[in-house]
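Peer 1: Encoded as structure tokens, here's the structure I'll be asking about.
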Amino acid sequence: MCGIIGVIDRNMSLMDGSSIREALSLMDERGSGEGAGYVAYGIYPDHADCYAIHVFFDNLVEPKSSVDEILQDWGHIVHQEEIPTYEQPGLKKEHISWRYFFKPDAELMVGTSNPKDEIVKYVVMRVNSEIEGALIFSSGINLGVFKASGWPEDVANYFRIEDYKGYIWLAHNRYPTNTSGWWGGAHPFNLLDWSVVHNGEITSYGTNRRYVESHGYNCTMFTDTEVVAYLFDLLGREHGLPEDIVVEALAARFWDEIDEMPEKQEKFMRTLRLTYGPALMNGPFAIVVATNKGIVGFTDRIKLRPMVVGENGSRLYISSEEAAIRVMDPDVESIYMPRAGEPVIGRVIE
Amino acid sequence: MEPLVIDAKGMHYTPLNKKIRSAVALGVKEIVINNVRGQRFIANGLRGHDVKITINGVPGGDLCMFMSGPECVVYGNTDHASGNTMDSGTLVIHGSGGDAVAHSMRGGKVFVRDNIGYRGGIHMKQYGLKRPILAVGGTSHSFLGEYMAGGIVLVLGIGREVSVQDRGIGSGIHGGEIVIRGDVDEKLLGVGAKKVDFTEEDLERLSPVIKEFCEKFDIDPTPFLDTNYSRIVPASSRPFAGKYTWE
Amino acid sequence: MSLGSVPLKYKISIDRDQCMKCMRCVDNCSYGVYRIEDDKIIIDSRKCTACHRCISMCPRDAITLQERPVDYRSHPLWTVEAREDVINQARTGKIILAGMGNAVDYPIIFDRLVLDACQVTNPSIDPLREPMELRTYLGKKPSKIEFTRDDKGDIDLKTELTPNLKLDTPLMIGHMSYGAISLNAQLSIAKAAKKSGTFMGTGEGGMHEAIYPYQDHSIVQIASGRFGVNIDYLERGAAIEIKVGQGAKPGIGGHLPGEKVCTDVSCTRMIPLGSDAISPAPHHDIYSIEDLAQLVRSLKEATEWKKPVFVKIAAVHNVAAIAAGIARSDADAVVIDGFKGGTGAAPKVFRDSVGMPIEAAVAAVDQKLNDQGIRNEVSVIASGGIRNSGDLAKSIALGADAVYIGTASLIALGCRVCGNCYRGLCPWGIATQREDLVDRIDPEVGSEHVANLIQGWTLELSELMGAAGLNSIESLRGNRSRLRSYMLDEGLMDVLQVDSVGA
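Protein chains in written order, with the working numbering: chain A, 1 to 350; chain B, 1001 to 1247; chain C, 2001 to 2503.
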């Protein structure tokens, strides 16, 4: 199950988190009160040159000193603090939420055209697979994930997301099956600039996981969604594919459609599908992926999960249910349902 | 048509072979390739019965592999397995060959002026009119004609007292013949090979080969046209018939 | 001193009340079990191989066959077979020759693996209503795609795909040479491959003219004997396969006995009539991995880089590292042949004691290639003991792109796995060159049976995938999370990278 919603203001005007909290709460029926989360882009303008590393610590003793040490080895911690939280009766505080503003030292990483991203990716993979009691759940620049086990409104209030202002918001209301409602298992999943919310189940997870693991990613969250963030990072960032082509690879066209295409397009689609066969995602899913440049929503190839799109001026909404969009924006102008596998893209206008 | 001259200096074998192929397709009959240094697969799978290719330099392995028809003349030594699985045509080497010269050769002729390495003529085979010939002016190392299933291997041992001194001649031979100038020590023969007399009839059969070899390298054939050869043939065409019992 | 005779392997009896003396058994048995004396059918059970030809042709079901009618003193170590092999070798001093696949009662890993299906959290897919994609491309794949896009959105692709084989179903028929099997058997298989949108292997015996019409659906094999290999042969195949080894007899070559080298076989193999066709153990132009790379390139160069080249190896202990080496050459696919693979003839000790099962081999190869980040760049074909669509689906989930079947396709042509292929008397007309026996296969009918088998498995594979919520074969490939082990030990689970049932 699960419910998802995302919004972008293409002019990059900022929205606080209050309306998306309302919208997500409307979809409480889709969740089970065991996990919810939000991600917002543009919330840390004062540290816009740093990677904002959000960490769940079980305590601030051993795990934190280990993380401090790794970060200091690989760069410079500009600032760090506990993320402000506010006790909620319906939410049990399982972890201490912490944030670092971190500048990696580009000279320490070789063999890549983007050493800073590679350092942060390395730190995330290492902390999450090796440091007990620490989990990095957000690692991008000028963005932040806020998530926990609980109902959407409790999680929102716990982090007071109305205090954050972003031009992109994604939110997720969880009904867990693969893992119980642990905080790390809540969505959004994030790596570097990529954030993902996902409704459904990826039946091809085993194949996709092997593929990303083959390219240096460690799957540590015990759930299928994180693989989507890694696939976007691999295809989008490392291989440099634009978002719509990433979607064409992940929700590839059917062979019979490809066969009917004009020669040049057929050749491209065939090459794309053969190159990224192991990245093809199967099973029921609706997914919204965000980067600082925009959002992309898409469903599986046979539309086993719902997805609705709304537009109003510079704002583009993607959600599991139309009503949630209308909660956020009662004046939304056009509402439509995209075709299966068709990417819905909202880009910022720079 | 004018001969095509190719300067192969620094050229990869794929474009080189492409050039050769397209020239042959256009009807070029003579191709000269200069500055050959280690390019493998030259004339690989090439067809054309009246095409002559001259190679100046040292070609890489699998020279003339699967070649069907052309004559290829090399001024220099050749590497691993020249004439490999050659179908027909001629390869003339003004120098020495490496290991596994004429490996699995099915037809045509390979003439080597000097010496060859190990396993020369291994698994050569014949069928119908196709009868491969490997002729060597100097000597050969071990396992000459191993598993041979047909064709002729000739070793002249020019300038040597004993033509072949290495072991394992004709191991597993089950077809064809190995002819070596002078006597061959029995202990050099491999399993399944036997030495028989070289008769006048054999000489009659072999003299065209001897003459053609000598002609290629401008050698007077007269001293070689006698019966002072050893002929090594299969002890049986079914060398493994007696090895097994049914379950 | 006489060792005397060993007891009968099979005892044939005829229900004389049922028998109508139609003589079909007499006519059909090429091993000479039946003869007529004074209008009576006399049985010589000692000659019986349990090929079932007589039983299947008897219109009255009058014939019965009993295996091992005479008991030995039972003993767990000194099995009947162990004792009889000793007696055989004491008599002959020879290597015991055997047919078909590994006959030792090793555990079958396929039967200790179970597939997954969807319930609630994701829907099953009905392959009748919804698209189900089994199309498989075999060959090298790029590691990433490169292209440029202009202002109008037109894409200019920079990445050039090398030739791949396109299969409608991830199931091919493996290499069984003309010589080892009859022309009618091979022709049936070739026709079936074409009908089914897949490919068949020619084996190492060259290509008979009769197969030319199906050459676009054939993979030509080049083995250490290089039989029938010339440039025309290489160009005929849709792909070329270098056979390095065979699962049923890793590390040794093959001998087609002279009896099977009839006129047509000798012509196709390009060797003299009646001469043994000997394939040496190694390719004598391959003594190292770089030599293999050289042969791969040589074949590509000879065919102007238009054909995919596969390399087949037997599943031996270091199979994963060897496959990784092959993947680094220009080879398009690695074929892994497990030790349960069939053969026309192999020394029994090799057939039964050397190599390893395909399940572990394919998983290890897939894992090694994955660890090295090159899994998708090369195809993996599994073979050796694949009996049904379940084995097929499990092979793919363990990491194969496609499988080869051999024995199953022969069973579709009548074979009853009697294991006497090396004798050249196959009463089903499969493993023989005797004209009257070969004529027992009508290639039209035979091809229909083989095509039916492929269709049946293909339908079942679609159903299995649909039940698992997968509509594309790519999503099953290597998908260990849709497999569980049932009573496998931890070491093996680790190799297979599967969890236990319930985990």
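C-beta atoms are modelled at their ideal positions from N, C-alpha and C, and glycine is treated no differently.
If I measure Cβ to Cβ from Glu-1212 (chain B) and keep anything under 7 Å in the same chain, skipping five residues before and after, which residues do I get?
Peer 2: none
Peer 1: Going straight from the alpha carbon of Val-2229 (chain C) to that of Cys-2022 (chain C), what length do you get?
Peer 2: Going by the C-alpha atoms only, they are around 47 Å apart.
Peer 1: Within 8 Å of any Cβ in chain A, is that where the Cβ of Arg-2375 (chain C) sits?
Peer 2: yes
Peer 1: With burial defined as no fewer than 16 other Cβ atoms inside 10 Å of the residue's Cβ, what is the status of Val-78 (chain A): buried or exposed?
Peer 2: exposed
Peer 1: Please confirm if Gln-1039 (chain B) has its CB atom under 8 Å from at least one CB of chain C.
Peer 2: So, not an interface residue.
Peer 1: So Trp-2298 (chain C) is in the alpha helix (DSSP H); what residue range does that whole segment cover?
Peer 2: For the sequence presented, residue 2298 (chain C) should be read as Ser rather than Trp. Taken as a continuous stretch (DSSP letters only), the alpha helix (DSSP H) holding Ser-2298 (chain C) covers 2289-2302.
Peer 1: Could you name each continuous alpha helix (DSSP H) segment of 4 residues or more that falls completely within the segment 2049-2133 of chain C, going from the start of the chain to the end?
Peer 2: As far as the segment 2049-2133 of chain C is concerned, its whole alpha helix (DSSP H) runs of at least 4 residues are 2053-2057 and 2080-2092.
Peer 1: Relative to the alpha-carbon of Leu-2437 (chain C), which residue among C:Cys-2415, C:Ala-2451 and C:Gly-2247 has its alpha-carbon at the smallest distance?
Peer 2: C:Cys-2415
Peer 1: Please report whether the beta-carbon of Ala-2117 (chain C) lies at a distance below 8 Å from any beta-carbon of chain A.
Peer 2: False, the Cβ-Cβ gap to chain A never drops below 8 Å.
Peer 1: Near Gly-2032 (chain C), which residues of its chain fall below 8 Å by C-beta distance, leaving aside the five closest residues on each side in sequence?
Peer 2: Asp-2044 and Lys-2047
Peer 1: At the 8 Å Cβ level, is Leu-24 (chain A) part of the contact set with chain C, yes or no?
Peer 2: no
Peer 1: Excluding the 5 residues flanking Arg-2024 (chain C) on each side, which residues of the same chain have their C-beta closer than 8 Å to its C-beta?
Peer 2: Cys-2054, Met-2057, Cys-2058 and Pro-2059
Peer 1: Give me the residue from C:Gly-2197, C:Lys-2141, C:Pro-2347 and C:Met-2207 with the minimum Cα distance to Gly-2101 (chain C).
Peer 2: C:Pro-2347
Peer 1: Using a threshold of 8 Å, state whether the C-beta atoms of Met-1093 (chain B) and Arg-1113 (chain B) are closer than that.
Peer 2: Note that residue 1093 (chain B) corresponds to Ile in the displayed sequence, not to Met. A contact, by the Cβ cut-off of 8 Å.
Peer 1: Under 8 Å by Cβ, that's how I've got Thr-2268 (chain C) and Tyr-2137 (chain C) pegged, so tell me the actual separation to the nearest angstrom.
Peer 2: With 8 Å as the limit, Thr-2268 (chain C) and Tyr-2137 (chain C) do not qualify as a contact, their Cβ atoms being about 30 Å apart.
Peer 1: Is Met-269 (chain A) helix, strand or coil when you go by DSSP?
Peer 2: helix
Peer 1: Starting from Arg-1037 (chain B), trace the beta strand (DSSP E) in both directions and tell me its first and last residue.
Peer 2: 1030-1037
Peer 1: Threshold first: 3 residues or longer. Then list the beta strand (DSSP E) segments lying entirely within the segment 110-139 of chain A, N to C.
Peer 2: DSSP assignment within the segment 110-139 of chain A yields the following whole beta strand (DSSP E) runs of 3 residues or more, N-terminal first: 134-138.
Peer 1: Given a cut-off of 8 Å, decide if Met-1148 (chain B) and Ala-2302 (chain C) are closer than it, judged by their beta-carbon atoms.
Peer 2: Not a contact, by the Cβ cut-off of 8 Å.
Peer 1: Given a limit of 9 Å on CB to CB distance, which residues of the segment 178-206 of chain A reach chain C?
Peer 2: Asn-178, Gly-200, Glu-201, Ile-202, Thr-203, Ser-204, Tyr-205 and Gly-206
Peer 1: Which residue comes first and which comes last in the beta strand (DSSP E) that contains Lys-2243 (chain C)?
Peer 2: From DSSP, the beta strand (DSSP E) with Lys-2243 (chain C) extends over 2239-2243.
Peer 1: Of the choices A:Ala-249, A:Ile-287, A:Tyr-217 and A:Asp-9, whose alpha-carbon is the least far from that of Gly-200 (chain A)?
Peer 2: A:Ile-287
Peer 1: Looking at C-alpha atoms only, which residue of B:Gly-1027, B:Ser-1096 and B:Gly-1045 is the closest neighbour of Pro-1059 (chain B)?
Peer 2: B:Ser-1096
Peer 1: Buried or exposed for Glu-34 (chain A), please, with buried defined as at least 16 other CB atoms from any protein chain shown within 10 angstroms of its CB.
Peer 2: buried
Peer 1: Taking only beta carbons into account, state which residues of the segment 294-328 of chain A come closer than 8 Å to chain C, listed in chain order.
Peer 2: Arg-301, Ile-302 and Leu-304
Peer 1: Would you kindly check if the distance between the Cβ of Ile-1152 (chain B) and the Cβ of Gly-1138 (chain B) is under 8 Å?
Peer 2: Against a cut-off of 8 Å, the Cβ pair of Ile-1152 (chain B) and Gly-1138 (chain B) comes out as no contact.
Peer 1: Using a threshold of 8 Å, state whether the C-beta atoms of Val-2380 (chain C) and Val-2319 (chain C) are closer than that.
Peer 2: no
Peer 1: What's the C-alpha gap between Gly-2384 (chain C) and Gly-2258 (chain C)?
Peer 2: Between the alpha carbons of Gly-2384 (chain C) and Gly-2258 (chain C) lies a distance of about 27 Å.
Peer 1: For Met-2487 (chain C), I'd like the list of residues in its chain whose CB is within less than 7 Å of its CB, leaving aside the five on either flank, ordered along the chain.
Peer 2: Cβ within range, chain order: Arg-2112.
Peer 1: May I have the straight-line CA-CA distance separating Leu-2299 (chain C) from Leu-2234 (chain C), to the nearest angstrom?
Peer 2: A direct Cα-to-Cα measurement between Leu-2299 (chain C) and Leu-2234 (chain C) gives close to 8 Å.
Peer 1: Measuring straight from C-alpha to C-alpha, what distance separates Gly-2174 (chain C) and Tyr-2404 (chain C)?
Peer 2: 5 Å
Peer 1: Quick one: using the 10 Å Cβ neighbour count with 16 as the cut-off for buried, is Val-1191 (chain B) buried or exposed?
Peer 2: When all chains shown are included, Val-1191 (chain B) counts as exposed.
Peer 1: According to DSSP, is Ser-195 (chain A) part of a helix, a strand, or is it coil?
Peer 2: Ser-195 (chain A) falls in the strand class under three-state DSSP.
Peer 1: Straight-line CA distance for Ala-1135 (chain B) to Val-1155 (chain B)?
Peer 2: The alpha-carbon atoms of Ala-1135 (chain B) and Val-1155 (chain B) are separated by roughly 6 Å.
Peer 1: Which chain C residues are close to Glu-213 (chain A), counting only those with a beta carbon under 9 Å from its beta carbon?
Peer 2: Near Glu-213 (chain A) (Cβ distances below 9 Å), the residues of chain C are Asn-2370 and Asp-2371.
Peer 1: If you measure beta-carbon to beta-carbon, which residues of the segment 2130-2158 of chain C are closer than 9 Å to chain A?
Peer 2: Glu-2130, Pro-2131, Glu-2133, Arg-2135, Tyr-2137, Gly-2139, Lys-2141, Pro-2142, Ser-2143, Lys-2144, Ile-2145, Glu-2146, Phe-2147, Arg-2149, Asp-2154, Ile-2155, Asp-2156 and Leu-2157
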